[in-house]
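First up is the structure itself, then whatever we jot down about it.
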Amino acid sequence: MQKQRFPTLGDWTEKKTNEFIEEKLIIRNPEELKSKIAKMISDGTKQTQIVTDFDQTISSFLSPATFSLFRMSELSPQDFKNKVQSYYDYYVPIEKDQSIKIDEKNKHMHEWYQKVSEAFHEAKFTKSQACQILNTSHIYLRYLFESFFNKCVEEHVPFHIVSGGVDKVITTILASIHEIDSYNEMTLHANQMLFQNDILEKMEMLVTATTKAKILESSGIKFRNNTILLGDLPSDFYMTKFLNIPNQVSIGFLVQDHEYQLEEYKKLYDITIIGDPSFLVPIVLLSKVIGHPLSEQCSQLFNSQNYDQLRELF
Numbered sequence: 130m131q132k133q134r135f136p137t138l139g140d141w142t143e144k145k146t147n148e149f150i151e152e153k154l155i156i157r158n159p160e161e162l163k164s165k166i167a168k169m170i171s172d173g174t175k176q177t178q179i180v181t182d183f184d185q186t187i188s189s190f191l192s193p194a195t196f197s198l199f200r201m202s203e204l205s206p207q208d209f210k211n212k213v214q215s216y217y218d219y220y221v222p223i224e225k226d227q228s229i230k231i232d233e234k235n236k237h238m239h240e241w242y243q244k245v246s247e248a249f250h251e252a253k254f255t256k257s258q259a260c261q262i263l264n265t266s267h268i269y270l271r272y273l274f275e276s277f278f279n280k281c282v283e284e285h286v287p288f289h290i291v292s293g294g295v296d297k298v299i300t301t302i303l304a305s306i307h308e309i310d311s312y313n314e315m316t317l318h319a320n321q322m323l324f325q326n327d328i329l330e331k332m333e334m335l336v337t338a339t340t341k342a343k344i345l346e347s348s349g350i351k352f353r354n355n356t357i358l359l360g361d362l363p364s365d366f367y368m369t370k371f372l373n374i375p376n377q378v379s380i381g382f383l384v385q386d387h388e389y390q391l392e393e394y395k396k397l398y399d400i401t402i403i404g405d406p407s408f409l410v411p412i413v414l415l416s417k418v419i420g421h422p423l424s425e426q427c428s429q430l431f432n433s434q435n436y437d438q439l440r441e442l443f
């Protein structure tokens, strides 16, 4: 496999991780999930991969999306902030409106991303400015994500990120956890910051919530038989739609127990975790697959009554 390069903006020196808070689990079909977990454990590490979103999946619900760092930062030009805020206010309701047909939504998303790309081009951010914006931001990683990511690296578990966020912001964050240039099993599909002489010349807008499945389908990656899929939106569930993966355990993070959202999540995800979820459930599942014992900390957390139903399925 050809070695990949994951350029960063510099060092994320202000790394933050949220704390563990009580989370509620809802399992869509316990017997089906039990069968999926058993198959995954039986097949083992060499047949397992991760497919995940980044913004508010790896990062916490406390965090802004990586694009929003620039919109919200006091270090960004005011004219740029005004433009992207107006685009955000107009297009986000369209993105979330489940009544809009996919072709029509794609058209609006394309318009939005073109306008945002033009705003970034005009703002002429430097790499150092972008890194400073990240370091003065309020991005929080989910509790236990670092342990989960390190286990994936150590066991060479393919880790496929498909994100509508910003590539170099994401790689800067991940590089603060591990040397990702040596992690050949990691892939990243995100919107690209293209610099020339350290000046941002173009934001290449490649990924939206509605294009992730097609991007993975055309990636040329040889996918494994078992997937742990992680997302925070209903659309994230469909990232692997065209891959014909035989066995998948899907985990959806839901910020609040709103009935209209919960019903949609329950129809899709094997496990819905409500609150500001940690990576406890993913790391428990991964540890079972790779045959590693849980840390004492994780064992204590997983033994609480919130996880009674899930524990019975292993």
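Residue numbers for the sequence shown follow my numbering, so the first one is 130 and each next one is one higher.
In this text, a Cβ means the ideal position worked out from N, Cα and C, and glycines have one as well.
Evaluate residue 166 with the Cβ neighbour count: other Cβ atoms within 10 Å of its Cβ, from every protein chain shown; 16 or more gives buried, anything less gives exposed. Here residue 166 corresponds to residue number 37 of the sequence shown, with the count starting at 1. Buried, because 16 or more other Cβ atoms sit within 10 Å of the Cβ of residue 166.
Give the DSSP-derived three-state secondary structure of residue 322 in the structure shown. Translated into the one-based positions of the sequence shown, residue 322 becomes position 193. If DSSP states are grouped into helix, strand and coil, residue 322 belongs with the strands.
Quick one: Cα of residue 223 to Cα of residue 234, how far? Numbered from 1 along the sequence shown, position 94 holds the residue referred to as residue 223. Numbered from 1 along the sequence shown, position 105 holds the residue referred to as residue 234. Residue 223 and residue 234: Cα-Cα distance of roughly 7 Å.
With a threshold of 16 other CB atoms inside 10 Å of the CB of residue 294, please say whether the residue is buried or exposed. Position 165 of the sequence shown, counting from 1, holds the residue named residue 294. Around the CB of residue 294, 16 or more other CB atoms lie within 10 Å, so the residue is classed as buried.
Please return the same chain residues whose Cβ sits closer than 7 Å to the Cβ of residue 264, not counting the five positions on each side in sequence. By 1-based counting over the sequence shown, the position of residue 264 is 135. Only 141, 142, 143 meet the Cβ criterion.
Inter-residue CB distance, residue 324 and residue 262 (contact presumed, cutoff 8 Å): Counted from its first residue, the sequence shown places residue 324 at position 195. Counted from its first residue, the sequence shown places residue 262 at position 133. Their Cβ separation, rounded to whole angstroms, is 14 Å, which puts residue 324 and residue 262 out of contact at 8 Å.
Quick one: what does DSSP say residue 340 is sitting in, helix, strand or coil? For the purposes of this step, residue 340 is taken as the residue at position 211 of the sequence shown. Here residue 340 sits in coil by DSSP.
Give me the residue from 250, 249, 404 with the minimum Cα distance to residue 189. Numbered from its first residue, the sequence shown carries residue 189 at position 60. Of the listed residues, the one whose Cα sits closest to residue 189 is 404.
Within this structure, are the beta carbons of residue 394 and residue 409 separated by less than 7 Å? Looking up residue 394 in the sequence shown gives position 265. Looking up residue 409 in the sequence shown gives position 280. Cβ distance not < 7 Å, so residue 394 and residue 409 don't count as in contact.
Out of 317, 256, 308, 442, which has the shortest C-alpha to C-alpha gap to residue 183? As a working mapping, residue 183 is identified with position 54 in the sequence shown. Per the Cα distances, 317.
Given 8 Å, three or more beta-carbon pairs between the segment 327-342 and the segment 236-245: The segment 327-342 vs the segment 236-245: in contact.
How about the segment 354-364 and the segment 406-422: do they share at least three Cβ pairs that are nearer than 8 Å? Counting C-beta pairs with one atom in each stretch, the segment 354-364 and the segment 406-422 have three or more that are closer than 8 Å, which means they touch.
Judging by CA-CA distance, which residue of 301, 228, 380 is the nearest neighbour of residue 439? Locating residue 439 in the sequence shown gives position 310, counting from the first residue. It is 380 whose Cα lies nearest to the Cα of residue 439.
Would you grab the beta carbon distance between residue 209 and residue 252 for me? Rounded to a whole angstrom, and I think it's under 8 Å. By one-based count along the sequence shown, residue 209 stands at place 80. By one-based count along the sequence shown, residue 252 stands at place 123. Right, their Cβ atoms sit about 4 Å apart.
If you pair each beta-carbon of the segment 153-165 with each one of the segment 280-296, do three or more pairs fall below 8 Å? Because the criterion of three Cβ pairs below 8 Å is not met, the segment 153-165 and the segment 280-296 do not touch.
In or out: residue 258 buried (at least 16 other Cβ within 10 Å) or exposed? Stepping through the sequence shown from its first residue, residue 258 is reached at position 129. Classification for residue 258: buried.
For a quick check, are the C-beta atoms of residue 149 and residue 424 less than 7 Å apart? Sequence index remark: in the sequence shown, residue 149 carries index 20 (1-based). Sequence index remark: in the sequence shown, residue 424 carries index 295 (1-based). Result no, Cβ atoms of residue 149 and residue 424 do not sit closer than 7 Å.
Nearest to residue 366 (by Cα), restricted to the options 180, 273, 175, 168: The residue you call residue 366 lines up with position 237 of the sequence shown. Here the closest residue by C-alpha is 180.
Along the chain, where does the beta strand (DSSP E) that runs through residue 332 open and close? The sequence position of residue 332 within the sequence shown is 203, counting from 1. DSSP places residue 332 in the uninterrupted beta strand (DSSP E) bounded by 328-333.
Could you tell me the boundaries of the beta strand (DSSP E) in which residue 153 lies? On the sequence shown, residue 153 is found 24 positions in, with the first residue counted as 1. Annotation for residue 153: the continuous beta strand (DSSP E) segment containing it runs 153-156.
State yes or no: is the C-beta of residue 320 within less than 7 Å of the C-beta of residue 298? For this step, residue 320 is matched to residue 191 along the sequence shown. For this step, residue 298 is matched to residue 169 along the sequence shown. Against a cut-off of 7 Å, the Cβ pair of residue 298 and residue 320 comes out as no contact.
Write down the C-beta distance between residue 246 and residue 368 rounded to the nearest angstrom, noting that I regard them as a contact closer than 8 Å. The residue you call residue 246 lines up with position 117 of the sequence shown. The residue you call residue 368 lines up with position 239 of the sequence shown. For a cut-off of 8 Å, the C-beta gap from residue 246 to residue 368 is around 23 Å, too long to register as a contact.
Kindly indicate which three-state DSSP category residue 378 falls into: helix, strand or coil? Here residue 378 refers to the residue found at position 249 when the sequence shown is read from its first residue. Judged by DSSP in its simplified three-state form, residue 378 adopts strand.
What three-state label does DSSP hand residue 178 in the structure shown? As a working mapping, residue 178 is identified with position 49 in the sequence shown. In the displayed model, residue 178 falls within a strand according to three-state DSSP.
Which residues DSSP lists as bridging residue 355, in chain order: One-based indexing of the sequence shown puts residue 355 at position 226. Residue 355 pairs with 177, 376.
Here's a check: name, in chain order, each residue in its chain whose Cβ is nearer than 7 Å to the Cβ of residue 314, leaving out the five neighbours to either side. Indexing the sequence shown from 1 puts residue 314 at position 185. Answer for residue 314: 285, 286, 287, 288, listed in chain order.
Quick one, are the C-beta atoms of residue 157 and residue 399 less than 7 Å apart? For the purposes of this step, residue 157 is taken as the residue at position 28 of the sequence shown. For the purposes of this step, residue 399 is taken as the residue at position 270 of the sequence shown. In this structure, residue 157 sits near residue 399, with a CB-CB distance shorter than 7 Å.
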